[in-house]
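Peer 1: Note that the sequence shown ends on residue 321 in the working numbering; no numbers are left out. Handing you this structure, nothing more for now.
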Amino acid sequence: MKSPVDSQFVHDISQLDSLRRQAVKGEEGDEKAALRSAAEQFESLFTQMLFKSMRDANEAFESDLIDDRTSKFYEQMADEQMASELSREGSLGLADMIVEQLGKAQGDSQPDMNEAARASAQSLPLDQNRSREAAEQAIAALDSQSIAPPATSIPASQRSKGFDSPDSFVNTLAPHARRAARALGTDPAIILAQAALETGWGKKVIANARDNSHNLFNIKADQRWGGDKVATQTLEVYDGIPVKETASFRSYPSYQESFDDFVSFLRDNPRYEQALSQSAQPERFIRELHQAGYATDPEYADKVIRVLDQVRDMMD
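Right under this line is the structure:
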């Protein structure tokens, strides 16, 4: 959610006066907007502290040729502006947590605890490290020579609605997974677990102009791909550092074609030969696939295996 307070320039102090006027109006909508704005300001300050710690730790490696007061002044301004932009985008999620906690104190309705427990039990392991990965990614991004503009998010009306639940995801895609598993000689549950991790049980399938790319395995569109494609942001890990970048991904007319292409993608790449030779052992298969470079997340195979147990329970 974008704050009503214009924070495009971090040193514009008129934003604070606008925030004060919102808070004293006393109207429910204005109070909530003011709370959101204040939470984003707090997240911005917290992010600035992270950036300052990173800069201080890096001082020992800086060259005297670029280590002067002027460069440090503009470097600090860039860090502060980056922190402000990240807080507006909700990259760390800190502002959302503040609004949720303080919003309850203002009389917001309490969530049903049983529903919250079920949602927590169904969440993917990937989401547990979201805030930490986002913070590390933000710090790593500052090491680049230029600051990239924030990517345009897809409007909610254009996003794929995905599946109603993990059970719906598994039951709908199980026939396609069994067909792909027969072709690869592996357990259909490991294929569904991989698709579940990649797409958040089908709720985060990459959207294209027609709403759904049907790309269940987040296979990128390189020069060998002649079909439709869609560009979006992705989180990659290089030398242990999470980095957000824009990449092109393959787009399919249906989920069946996504499974078919997944099979072809593995068979046609020599680097996955070792993984395919272990396909009869699902856990070994996914570890070999990961080791061959299928994903950059160092915990990718472990995460898929954790989801595998959930998928097997649903398929029994």
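Glycine residues also receive a C-beta, built at the ideal position from the N, C-alpha and C atoms. Just so we're clear, the structure is a prediction, and the values are computed from it rather than from any experiment.
Only counting the same chain, and skipping five residues up and downstream in sequence, which positions put a Cβ closer than 6 Å to that of residue 277?
Peer 2: Once the five neighbours on either side are set aside, the close Cβ partners of residue 277 are 271 and 297.
Peer 1: Quick check: what's the CA-CA separation for residue 57 versus residue 301?
Peer 2: Rounded to whole angstroms, residue 57 to residue 301 spans 28 Å at the Cα level.
Peer 1: Taking residue 170 as part of the alpha helix (DSSP H), name the residues at either end of that continuous run.
Peer 2: Premise fails: residue 170 is in no alpha helix (DSSP H) and is neither H nor E.
Peer 1: Pick out whichever of 229, 51, 41 and 321 has its Cα sitting closest to the Cα of residue 193.
Peer 2: Looking at the Cα atoms, 321 is the closest of the given residues.
Peer 1: Can you tell me which residues form a DSSP beta bridge with residue 238?
Peer 2: According to DSSP, which records beta bridges pairwise, residue 238 is partnered with 251.
Peer 1: Rounded to a whole number of angstroms, what is the C-alpha to C-alpha distance between residue 312 and residue 262?
Peer 2: Computed Cα separation, rounded: 23 Å.
Peer 1: Mind the definition here: the region 245-259 touches the region 210-223 only if three or more C-beta pairs lie below 8 Å; say whether that holds.
Peer 2: Yes, since at least three Cβ pairs between the region 245-259 and the region 210-223 fall closer than 8 Å, the two stretches touch.
Peer 1: Tell me whether residue 318 is buried or exposed, calling it buried when 16 or more other Cβ atoms sit within 10 Å of its Cβ.
Peer 2: Label assigned to residue 318: exposed.
Peer 1: Cβ of residue 290 within 8 Å of Cβ of residue 195?
Peer 2: Cβ distance < 8 Å, so residue 290 and residue 195 count as in contact.
Peer 1: Are residue 279 and residue 288 closer than 8 Å when you measure CB to CB?
Peer 2: No.
Peer 1: What does residue 246 pair with, by DSSP beta-bridge criteria?
Peer 2: Paired residues: 243.
Peer 1: What's the C-alpha gap between residue 198 and residue 246?
Peer 2: Rounded to the nearest angstrom, the two C-alpha atoms are 25 Å apart.
Peer 1: Only counting the same chain, and skipping five residues up and downstream in sequence, which positions put a Cβ closer than 6 Å to that of residue 240?
Peer 2: Closer than 6 Å at Cβ, skipping near neighbours: 247 and 249.
Peer 1: Distance, Cα to Cα, residue 165 vs residue 282?
Peer 2: The pLDDT assigned to residue 165 is 43, lower than 50, so where the model puts this residue is not dependable; a value taken from the coordinates is nonetheless given after this. Answer to the nearest angstrom: the Cα atoms are 35 Å apart.
Peer 1: Which of the three DSSP states is assigned to residue 209 in this structure?
Peer 2: Residue state, collapsed to three classes: coil.
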